[in-house]
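Residue numbers (the numbering used here): 4 to 239. The C-beta atom is built at its ideal place from N, Cα and C for all residues, glycine as well.
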Amino acid sequence: MSSPAALPADEIPMGLVRLGRQRLQFDNHFSETCRRDRFCLRCVVAYCSHCCGNHHFHPEWPDLRVLRIDLDTEGRPIFPTRTAPAPDRHPIPPDIAKFMRAQDYTSPLPRDAFCIHCSKSFRVDVCAHHGDHARLRDCVLRIEKRGWRTCVRCAGDEWWVPHIGVALGDPVLVDEQGRYELLRVLTRVRGPCVECGIGAHRIPREFFPFCSETCIRKHIRRIEERQEARLAARRL
């Protein structure tokens, strides 16, 4: 299957992309942390139910369950010894039980990526499934924090730039070699227009966080100009 970067615009599932863009702007995505709180007997891997929960549903393997790993009052993992509640439970094989107990279930894991397809923030090294969706490949945005600002790492030639760029502000950081920029996520909180600064009471919901189509067009044009300048610099 072709990469979305090579697909005509009308073949990209724009409903998913628009929903992902809207969810990206919710400001609580990256203020929370995750932890490994599940163990999949089918995949033999510990994972976070928030980041990767939908990727460990195996109806063809009904006897290989997902085990919940809770913490006790002192923050220590509570390990199950059987595959499921009675009467379907079986002892967990010793080698798998040993591997399960060796994983880290207590460390807080800051979320450092966002999947456009799933409209979900997640931790890259905990879930590797998000970058390979059949309907929308290469749909993971890499997230970096700069102080209180949540930023998307952008090289400028990604397929999602024309569709997600309206949710991103001006660069917070520009790589010295021109390889990428960090663009601030425009979170969905009431405030002045991010383009012209007009008061929050003048911003219609359909244009948020801009006050008008004119400001949206100006913002998109500035994104396009930055991309054109970056590509021109690479050709020199």
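Taking Cβ to Cβ, would you say residue i is nearer than 8 Å to residue j?
{"i": "Leu185", "j": "Arg149", "result": "yes"}
{"i": "Cys71", "j": "Arg41", "result": "With the sequence shown as reference, residue 71 is identified as Arg, and Cys is not the correct amino acid for it. In this structure, Arg41 lies closer than 8 Å to Arg71 by Cβ."}
{"i": "Trp163", "j": "Ile219", "result": "no"}
{"i": "Gly23", "j": "Ser124", "result": "no"}
{"i": "Arg114", "j": "Phe29", "result": "no"}
{"i": "Pro83", "j": "Thr109", "result": "no"}
{"i": "Arg138", "j": "Pro212", "result": "no"}
{"i": "Leu44", "j": "Thr86", "result": "yes"}
{"i": "Arg191", "j": "Val175", "result": "no"}
{"i": "Ile201", "j": "Cys214", "result": "yes"}
{"i": "Arg229", "j": "Gly172", "result": "no"}
{"i": "Ala170", "j": "Leu27", "result": "yes"}
{"i": "His133", "j": "Val143", "result": "yes"}
Rounded to whole angstroms, how far is the Cβ of residue i from the Cβ of residue j, which I believe are closer than 8 Å?
{"i": "Arg140", "j": "Ala116", "result": "About 15 Å separates the two Cβ atoms, so there is no contact after all."}
{"i": "Ile99", "j": "Val47", "result": "6 Å"}
{"i": "Val188", "j": "Val155", "result": "6 Å"}
{"i": "His166", "j": "Glu198", "result": "Incorrect: roughly 18 Å between the Cβ atoms, too far for contact."}
{"i": "Arg39", "j": "Pro111", "result": "About 11 Å; that fails the 8 Å criterion."}
{"i": "His59", "j": "Tyr50", "result": "7 Å"}
{"i": "Cys130", "j": "Cys196", "result": "36 Å between Cβ atoms; not a contact."}
Let me know the secondary structure DSSP gives residue i once reduced to three states.
{"i": "Gly78", "result": "coil"}
{"i": "Arg229", "result": "helix"}
{"i": "Ala87", "result": "coil"}
{"i": "Arg224", "result": "helix"}
{"i": "Thr217", "result": "helix"}
{"i": "Val47", "result": "coil"}
{"i": "Val197", "result": "coil"}
{"i": "Gly23", "result": "helix"}
Between which two residues does the alpha helix (DSSP H) holding residue i run?
{"i": "Val188", "result": "Where Val188 is concerned, there is no enclosing alpha helix (DSSP H), although the beta strand (DSSP E) it sits in stretches over 184-188."}
{"i": "Ala100", "result": "97-104"}
{"i": "Cys43", "result": "Segment 41-43 is the beta strand (DSSP E) holding Cys43; no alpha helix (DSSP H) there."}
So residue i is in the beta strand (DSSP E); what residue range does that whole segment cover?
{"i": "Ser124", "result": "123-125"}
{"i": "Arg71", "result": "69-71"}
{"i": "Cys55", "result": "Element bounds for Cys55: not the beta strand (DSSP E) but the alpha helix (DSSP H), 52-55."}
{"i": "Phe117", "result": "116-118"}
Segments assigned alpha helix (DSSP H), at least 4 residues, entirely inside the segment 130-174: 164-167
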